[in-house]
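Student:
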Amino acid sequence: MKDLYDLRSYLSLLQREGELLQIDEEVDPYLEIAEIHRRVIAKGGPALLFTKVKGSSFPVVTNLFGTNKRLELAFGRKPQQFVRDLVHLTETIMPLKMKHLWDNRHLFTEGLKIGLKEARTGAILENCQSPARLSSLPMLTSWHSDGGPFVTLPLVYTEHPGGRGHNLGMYRIQQHDDTTTGIHWQIHKGGGYHYHEAEKLNQPLPLTLYIGGPPALMLSAIAPLPEDIPELMLTSLLMGKKLEMVADPRGGHRLVAFAEFAVKGIVPPHIRHPEGPFGDHYGYNSLQHDYPVFQVSHLYHRHKAIYPATIVGRPKQEDYFIGDYLQDLLSPLFPLVMKGVLELKTYGETGFHCLAAARVHNRYPREAFACGLRVLGEGQLSLTKFLILTDGDIDITNFKQLWVHVLERIQWDRDLFIFANVSQDTLDYTGPSVNKGSKAMMMGLGKEKIRDLPGNFSGTLPPDCTRPIAFTPGTLVVEGSAYNETPELAAMLSQWEGVANWPVIILVDNSKEATASTQEFLWTLFTRFEPAADIHGASSTVSRFHVGLTPPIVFDCRLKPWYTDVLEVDEATRLLVDSRIHTLLPPNLR
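Counting from 851, one number per residue, gives the positions in the sequence shown under this note's numbering.
#1: What's the call for L1237, buried or exposed, on a 16-neighbour Cβ count within 10 Å?
#2: Per DSSP, what are the beta-bridge partners of M1293 in this structure?
#3: Quick one: Cα of L1324 to Cα of D1243, how far?
#4: Let's test the definition: count the other Cβ atoms within 10 Å of the Cβ of T1125 and tell me whether it reaches 16, buried, or not, exposed.
#5: E885 to S992, Cα distance in whole Å?
#6: Please go through the same chain and pick out, in chain order, the residues whose beta-carbon is closer than 6 Å to the beta-carbon of F908, but skip the five residues on each side of it.
#7: Where R1259 and R920 are concerned, what is the direct C-alpha to C-alpha distance, given to the nearest angstrom?
#8: Determine the direct distance from the alpha carbon of A1270 to that of S1393, and round the result to whole angstroms.
#9: Could you work out which residue in P1080, A1071 and G972 is closest to G1013 when comparing CA atoms only?
#10: Given this structure, state the Cα-to-Cα distance separating L899 from F1202, to the nearest angstrom.
#11: Measure the alpha-carbon distance for A892 versus F1108 and round it to whole angstroms.
#12: Short of 7 Å in beta carbon distance, which residues of its chain neighbour V1416, apart from the five on each side in sequence? Order them along the chain.
#13: Can you give me the C-alpha to C-alpha distance between L1439 and T917, rounded to a whole angstrom?
#14: State the Cα-Cα distance for the pair L1075 and H1432, rounded to the nearest angstrom.
#15: Quick check on the burial criterion: 16 or more other C-beta atoms within 10 angstroms. Buried or exposed for V1397?
#16: Would you mind reading off the limits of the beta strand (DSSP E) that contains P1065?
#17: Would you please state the rounded distance, in angstroms, between the beta carbons of P1381 and I1246? I believe it to be under 8 Å.
#18: When every heavy atom of the ligand ATP is checked, does at least one fall within less than 7 Å of the C-beta of T1196?
#19: State the DSSP-derived secondary structure class of L1226, mapped to helix, strand or coil.
#20: Just to confirm my understanding: we take K1297, look at its own chain, exclude 5 residues before and 5 after, and list those with CB closer than 8 Å. What are they?
#21: Mapping DSSP to helix, strand and coil, what is I1319?
#22: Using 10 angstroms around the beta-carbon of N913, count the other beta-carbons present and answer buried if the total reaches 16, otherwise exposed.
#23: Can you have a look at W1412 and say buried or exposed, based on whether 16 or more other CB atoms are within 10 angstroms of its CB?
#24: Measure the CB-CB distance between G1090 and D856 and report whether it falls below 8 Å.
#25: Closer than 6 Å by C-beta to A973: which residues in its own chain qualify, once you throw out the five before and the five after it? Chain order, please.
#26: Going by other Cβ atoms of all chains shown within 10 Å of its Cβ, with 16 needed for buried, is E1110 buried or exposed?
#27: Let me know the secondary structure DSSP gives Y1157 once reduced to three states.
#28: Considering only their Cβ atoms, is the gap separating A1364 from T1377 smaller than 8 Å?
#29: Candidates S1344, A1383, S1361 and D1027: which alpha carbon is nearest T1280's?
#30: Drop a sphere of 10 angstroms on the beta-carbon of A1341, count the other beta-carbons inside from all chains shown, and report buried for 16 or more, exposed for fewer.
#31: Taking the alpha helix (DSSP H) that Q1369 falls in, what are its first and last residues?
#32: So, with DSSP's three-state summary, where would you put I1116?
#33: Considering only the beta carbon of each residue, do G1032 and N1017 sit closer than 8 Å?
#34: Just list the residues that DSSP pairs H1396 with in beta bridges.
#35: Locate the beta strand (DSSP E) running through S1273, then write down its first and last residues.
#36: Once you ignore the five residues that flank V1254 on each side, which residues in its own chain have a CB closer than 7 Å to its CB?
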C-alpha cells in the first residue's frame, strides 16, 4: 500500500486500528520477550511494541503479521487482484486485439509504478557504526536451547557475482560477536546459490542485512519466488509504488532508503563456523552445524530505529499467517509455471515443506503423475516431503475432506510413489542424515469412489498398542510403545488381522494429543515420519520396478531416537513471565 513506505507508517496504522500494544515495562531479549510474544499470538492478540529492552537503546516490535486482519491492513487486496488480472491477460491476450489491450489498460498503468527509484538521501543513512557493534542490537534468544541471540526477521540481500540478478531472502543470522554472525544458507535457497558461485571464483560475497523497513520488504524476503523473479520488484508491487533506494557513501550495494537497520559486510569463501542450535518453525530444535560467516564492516540505522523480530516454533506462529497470505497472492501463477496444476496448497501446520496438496488435470492416463513431478521440480517446492494429488472438484485447503476423498479412490498398488535417496529440507531430521531423505506422492483420482471407509473401530490391537481413535473415516490413530522399545511395531501392526479393514493407520506416541485437532494431527503425522523408512503395508509387490502396497498402510509417526527435541518453554522462563504477566498484559491476553 502506498502509504506504508516504512515500518513506522505501518505501526501508526496499527495504533489507529487498535492492533498495537505498547509495553513500557523493562523486558529481557533473552527468552522473556519470546515467551510474552508466544502467549499473545496464541490468543490472536495484537502486535507488541516493547519500548524498554534490557541492554539496548532500541525498542523491539513483534507479531507484526500474526493475524489475517493485520496482513489485510499491511497489503490490502490490490496486489492479489493485480496478479490475477495479469495472469488472465497472459492467458487471453492472443490473438492480439486493441480492444483487449484497452480493457486491460489499468494493468499497464499499475505496471509503470513497479520498480526501483533512486533517492538523493534516505533515513537509513542517519547514523553509522564503524566498526559495527552488533551487541547494541536487541537480538532475541527465543528458546533456552538456542545457541545464542539471533536476528529472527533478517532480510538478507545479495547479488549474483556474475551479474545475474539479486536475491532477498530470510536466512537466520546468529550473532557470534560484535562484527561476525553466522548465515544459515540452506539448500535450494537463492542467497546460497550466489555464495556457491562466489566460492567457485574464490571471492567474498558482499552482503547487506536489512532489519526492518516497509512491510512489503519483509514479505518479499519470505516469498518463495522462482529464481529469475527479483524480490525487490515484488516489494514494489506490494507497496503500489517504486521502492526508493539510496547510494551507500562507503560503496557497495545500494540501500533501501527507509529500512530501520542496514548491516553491511562480506561472506568470505571457504570459511565455516558452528551455527545453532535453534528452535525452528517445525516445532523442534535444529542442531548445530557449520555455516558460512558474515563479516560485518559497518552498520547504518535510522534515528530512534525500531527493531522488528518474530518468534518461530511449533505451528501456528506468525509465519503461518504470512505463508497463507503468500499462497493466496502467488497461487494464480501456479498454472502458468506448472502446467496442469490447477491449485496448490502447502500446509503451515506442518512447517509448509512437510505436506503439500495439488488439484490437477488427469485428462489422459497418469497425467496427474506428470503434474506431481512438476510440483516436486519447482524451486522450494522441490523440498516437499509428502504430496497429495487429486483431480476432484474439492477444496484442498480442507484437509479432512481432501484426505477422505483420496482414501476413497487411491489404488494402493499403483497410486503411492516413494522416492528414496533424495534431498530433504535442512530442518527436517527424520531422514538418515542432514539434507537427505525421501519423498512420497499419493494420488486419489476419479469422480467415483471405489470403496467405503470404516468409521468406527471394533477390532483388536496387537500387544504394545492401545487407545485407538478413528480420526476420519478410513484413518485410525493408534498409540504405541516407544520406538526404541519396539522399532518393529509398525510392521507388526500392518499385518494384524484386527485392523485389516482400515486403509490407513497412524502409529503415534499419544493418540489423544495427536487427534485433539486437525492442526495437531497434521503436525504429529507429517513432521514425524520419513516416507522411505516409516511407511509399512500388510504386504508389498514389485511390478515393473514399482513397489505396490496392500493395506492397511501404517505410518510410523512415533518420535525416533535420532529426532531432535520438541520445543518446550523452560520452567524458569515460564515462571518469570507468570510472575510479571499482570503488569505486562491486559486481562484478555493473560
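Even for Gly, the Cβ is constructed at its ideal location relative to N, Cα and C.
These numbers were taken from a predicted model, which means no experiment stands behind them.
Tutor: Inspection of the coordinates gives the following:
#1: Locating residue 1237 in the sequence shown gives position 387, counting from the first residue. Its Cβ being crowded by 16 or more others within 10 Å, L1237 is buried.
#2: Residue mapping note: residue 1293 aligns to position 443 of the sequence shown, counting from 1. For M1293, which the question treats as bridged, DSSP gives the partners L1239.
#3: Position 474 of the sequence shown, counted from the first residue, corresponds to residue 1324. Position 393 of the sequence shown, counted from the first residue, corresponds to residue 1243. The sequence shown places Gly at residue 1324, rather than the Leu named in the question. Distance between the alpha carbons of G1324 and D1243 is about 20 Å.
#4: Position 275 of the sequence shown, counted from the start, is the residue given in the question as residue 1125. Thr is not the amino acid found at residue 1125; the sequence shown has Glu there. Looking at its Cβ environment, which holds 16 or more other Cβ atoms inside 10 Å, E1125 is buried.
#5: Position 35 of the sequence shown, counted from the start, is the residue given in the question as residue 885. Position 142 of the sequence shown, counted from the start, is the residue given in the question as residue 992. One C-alpha to the other measures close to 8 Å.
#6: The count along the sequence shown starts at 1 and reaches residue 908 at position 58. These residues qualify, in order along the chain: P988, A1155 and Y1157.
#7: Position 409 of the sequence shown, counting from 1, holds the residue named residue 1259. Position 70 of the sequence shown, counting from 1, holds the residue named residue 920. Their backbone Cα atoms lie some 40 Å apart in a straight line.
#8: Position 543 of the sequence shown holds residue 1393. Position 420 of the sequence shown holds residue 1270. Taking the straight line joining both Cα atoms gives about 17 Å.
#9: Here residue 1013 refers to the residue found at position 163 of the sequence shown. If we check each option's Cα against that of G1013, P1080 comes out closest.
#10: Here residue 899 refers to the residue found at position 49 when the sequence shown is read from its first residue. Here residue 1202 refers to the residue found at position 352 when the sequence shown is read from its first residue. If you take the alpha carbons of L899 and F1202, they lie about 28 Å apart.
#11: As a first step, residue 892 is located in the sequence shown; it is residue number 42 there, counting from the start. As a first step, residue 1108 is located in the sequence shown; it is residue number 258 there, counting from the start. Their backbone Cα atoms lie some 31 Å apart in a straight line.
#12: Indexing the sequence shown from 1 puts residue 1416 at position 566. Correct list, in chain order: G1133 and Y1134.
#13: As a first step, residue 1439 must be located in the sequence shown, where it is residue number 589. As a first step, residue 917 must be located in the sequence shown, where it is residue number 67. When rounded, the distance between both Cα atoms is 15 Å.
#14: Here residue 1075 is taken as the residue at index 225 of the sequence shown, counted from 1. Here residue 1432 is taken as the residue at index 582 of the sequence shown, counted from 1. Roughly 43 Å separates the two Cα atoms.
#15: Position 547 of the sequence shown, counting from 1, holds the residue named residue 1397. Exposed is the call here.
#16: As a working note, residue 1065 is residue 215 in the sequence shown. Run containing P1065: none in the beta strand (DSSP E); it sits in the alpha helix (DSSP H), P1065 to I1072.
#17: Here residue 1381 refers to the residue found at position 531 when the sequence shown is read from its first residue. Here residue 1246 refers to the residue found at position 396 when the sequence shown is read from its first residue. Incorrect: roughly 20 Å between the Cβ atoms, too far for contact.
#18: The ligand ATP is not part of this structure, which contains no ligands at all.
#19: Taking the sequence shown and counting its residues from 1, one reaches residue 1226 at position 376. Here L1226 sits in helix by DSSP.
#20: Stepping through the sequence shown from its first residue, residue 1297 is reached at position 447. Within the same chain, K1297 has close Cβ partners G1242.
#21: Within the sequence shown, numbered from 1, the residue matching residue 1319 stands at position 469. The answer is strand: DSSP assigns I1319 an E or B state.
#22: To locate residue 913, count along the sequence shown from 1; it is residue 63. The residue is buried, with at least 16 neighbouring Cβ atoms inside 10 Å.
#23: Within the sequence shown, the letter at position 562 stands for residue 1412. W1412 comes out exposed.
#24: Reading the sequence shown from its first residue, position 240 is the one you call residue 1090. Reading the sequence shown from its first residue, position 6 is the one you call residue 856. Cβ distance not < 8 Å, so G1090 and D856 don't count as in contact.
#25: Here residue 973 is taken as the residue at index 123 of the sequence shown, counted from 1. So the list reads F1108 and R1152, once near-sequence residues are dropped.
#26: Residue numbering aside, residue 1110 sits at position 260 when the sequence shown is read from its first letter. So E1110 counts as buried.
#27: If you number the sequence shown from 1, residue 1157 lands on position 307. Residue state, collapsed to three classes: strand.
#28: Taking the sequence shown and counting its residues from 1, the one referred to as residue 1377 is at position 527. Taking the sequence shown and counting its residues from 1, the one referred to as residue 1364 is at position 514. Their beta carbons are not under 8 Å apart, which means T1377 does not touch A1364 by this criterion.
#29: By one-based count along the sequence shown, residue 1280 stands at place 430. Selected option, being the one with the closest Cα: A1383.
#30: The residue labelled residue 1341 in the question sits at position 491 within the sequence shown. Exposed, by the Cβ-count rule.
#31: By 1-based counting over the sequence shown, the position of residue 1369 is 519. It spans T1368 to F1376 - the alpha helix (DSSP H) in which Q1369 sits, taken as one unbroken run.
#32: As a first step, residue 1116 is located in the sequence shown; it is residue number 266 there, counting from the start. Looking at I1116 - three-state DSSP - the assignment turns out to be strand.
#33: The residue you call residue 1032 lines up with position 182 of the sequence shown. The residue you call residue 1017 lines up with position 167 of the sequence shown. Cβ atoms of G1032 and N1017: not closer than 8 Å.
#34: Stepping through the sequence shown from its first residue, residue 1396 is reached at position 546. Paired residue(s): S1393.
#35: Looking up residue 1273 in the sequence shown gives position 423. Element bounds for S1273: L1266 to S1273.
#36: As a first step, residue 1254 must be located in the sequence shown, where it is residue number 404. Closer than 7 Å at Cβ, skipping near neighbours: L1303, T1322, P1323 and G1324.
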